[in-house]
Amino acid sequence: MTKKQGKHHDAANGQKDSAKASQDAARGAGLVGGHPPSSAEWARGAEALAETAPALIGGYAPTVPRPAPGIVMVEPGKTVSLAAIDASTDGGFDKDAAKELLRAERTRIKALQERLYAEHKRSLLIVFQAIDTGGKDGTIRNVFEGVNPQGCRVWSFKVPSAEELDQDFLWRYHLRTPGRGMIGVFNRSHYEDVLVVRVKDLVPEPVWRERYGLINGFERLLTASGTTVLKFFLHISKDEQKKRLEARIAETEKHWKFDPADLVERKSWDAYQGAFQDALSRCSTPYAPWLVVPANRKWYRNIVVARTIADTLQAMDPQFPEARAGISGLRVDD
Ligand code: ADP
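UniProt numbering puts the first residue of the sequence shown at 1, with every later residue one more than the last.
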């Protein structure tokens, strides 16, 4: 039995005092409640979270993401400046080796995903957000190639239907969070409700302002239920978006990807950057921090996203269940 499982065992045996003390520690570290903790609480918060986790998620400490080189993890409680993050960096990776590196990370993801599926205790939710042409589709296509489709589901969120609009804003996302053993990928997500909704004034300001805290609570609930939440913001520059839109216009095989509405949306570039900055700053928490991926170079973006997923899965350390006793000696009848 591991140290963590041992602690859980103690709590489960009714040692309320220690469970209460660790919950108080979590509250002190800003881990309980709807607002992100201050930056000073970040390290202490992650530690306290690991301490309280056994009582909260049935024996498993939540896994803090392991960002690959060049990715910026938004520090909880701090305001991130997207303008200050170079979208063109390559993190020192060698482009000539890109295909090989990506293949190696995919192999790791495949093997770890099989373990996660077999273990059937926890899950991984991977969120992708980006401005139009930011590369969500391409990243998902490249990173998840070869992953067993039985253990991985991708959901793309579009304009909500009338039925969805009749529910609370998180309803349609919660319906699709990954169950035990599964990897869930959100192509756009609950963050749209503080992004496009805010930029286009689709609900009154007090309504979208309330949502940051509600989103933190939602992600806290998922984490406390055994889901590791990995959130990637694919960060491209305005010039890069121009190039990508021009390519979609110039190349007939890319016409299907082009929506004239993208040209209108581009006029709101600054408003979108402001909304992204606020969402990343207000909703980066010790249990679900935001990761900003410099995404002008697609080959680099694919490698670091894949490596972060592989490293995070490895840190989760999923285990094959124990085999039933006596299998080795069994014989199959002719
Ligand atoms: P994508 O750009 O993701 O490939 P689409 O071109 O179909 O797919 O765009 C989906 C659209 O749905 C986007 O314009 C996005 O802003 C919009 N959308 C997603 N979620 C919401 C939401 N909660 N409220 C309003 N619009 C949304």
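Glycine is no exception: its CB is placed at the ideal position from the N, C-alpha and C atoms.
Residue i to residue j span [Cα, whole Å]
| i | j | result |
| --- | --- | --- |
| Asn296 | Ile85 | 12 Å |
| Leu101 | Ile303 | 7 Å |
| Thr89 | Pro294 | 6 Å |
| Ala315 | Phe128 | 21 Å |
| Gln277 | Phe157 | 21 Å |
| Ala98 | Trp299 | 6 Å |
| Gly274 | Tyr287 | 24 Å |
| Leu170 | Pro160 | 11 Å |
| Glu163 | Asp193 | 16 Å |
| Asp262 | Lys254 | 14 Å |
| Glu322 | Ala118 | 10 Å |
| Thr79 | Phe320 | 41 Å |
| Pro37 | Arg172 | The predicted model places Pro37 with a pLDDT of 44, which falls under 50 and marks its position as unreliable; any figure quoted below should be read in that light. Looking at the two C-alpha atoms, the distance is approximately 27 Å. |
| Thr177 | Asp333 | 43 Å |
| Glu75 | Lys243 | 31 Å |
| Thr227 | Gly146 | 23 Å |
| Leu124 | Lys110 | 14 Å |
| Pro204 | Trp256 | 34 Å |
| Glu251 | Ala224 | 47 Å |
| Ala279 | Val196 | 12 Å |
| Leu31 | Ile327 | Confidence at Leu31 is low in this model, with a pLDDT of 36, below 50, so the placement of that residue is unreliable and no value is reported for it. |
Among the options, the one whose alpha carbon lies nearest that of residue i
| i | options | result |
| --- | --- | --- |
| Arg115 | Leu330, Ala310, Ile71, Ala97 | Ala310 |
| Ile131 | Lys257, Leu280, Arg266 | Arg266 |
| Arg106 | Arg220, Val203, Thr139, Gly226 | Thr139 |
| His174 | Leu195, Arg141, Arg220 | Arg220 |
| Trp269 | Phe232, Arg324, Val199 | Val199 |
| Arg66 | Arg307, Asn216, Thr177 | Arg307 |
| Phe144 | Tyr117, Thr312, Arg172, Gln113 | Gln113 |
| Arg282 | Arg176, Trp208, Leu234 | Trp208 |
| Gly77 | Gly326, Ser284, Asp334, Arg244 | Ser284 |
| Phe233 | Val264, Leu165, Ser189 | Ser189 |
| Ile183 | Glu205, Val197, Cys152, Arg211 | Cys152 |
| Pro69 | Asp94, Val196, Asp137 | Asp94 |
| Arg141 | Leu165, His235, Tyr191, Val185 | Val185 |
| Ala83 | Ile236, Trp155, Thr63, Gly92 | Ile236 |
Counterpart residues of residue i in DSSP-defined beta bridges
| i | result |
| --- | --- |
| Thr228 | Leu124 |
| Pro62 | The partner list for Pro62 (beta bridge, DSSP) is empty, contrary to what the question assumes. |
| Asn216 | Paired residue(s): none; Asn216 is not in a bridge. |
| Ile183 | Leu124, Cys152 |
| Met73 | Leu291 |
| His255 | DSSP output for His255 lists no bridge partner at all. |
| Leu234 | Ala130, Val293 |
Distance cut-off 7 Å: residue i Cβ against heavy atoms of ligand 1
| i | result |
| --- | --- |
| Phe157 | yes |
| Asn142 | no |
| Pro69 | no |
| Arg307 | no |
| Pro204 | no |
| Glu160 | Sequence check: residue 160 is Pro here, not Glu. Yes - ligand 1 has a heavy atom lying nearer than 7 Å to the Cβ of Pro160. |
| Pro197 | Strictly speaking, residue 197 in this sequence is Val, with Pro absent from that position. Val197 Cβ: within cutoff of ligand 1. |
| Asp166 | no |
| Arg248 | no |
| Arg188 | yes |
| Asp201 | no |
| Glu210 | no |
| Glu192 | yes |
| Asp137 | yes |
| Asp132 | yes |
| Asp259 | yes |
Discussion item. Threshold first: 3 residues or longer. Then list the beta strand (DSSP E) segments lying entirely within the stretch 106 to 176, N to C.
Written reply: Taking only runs of at least 3 residues, the beta strand (DSSP E) segments lying wholly in the stretch 106 to 176 are 123 to 130, 152 to 156.
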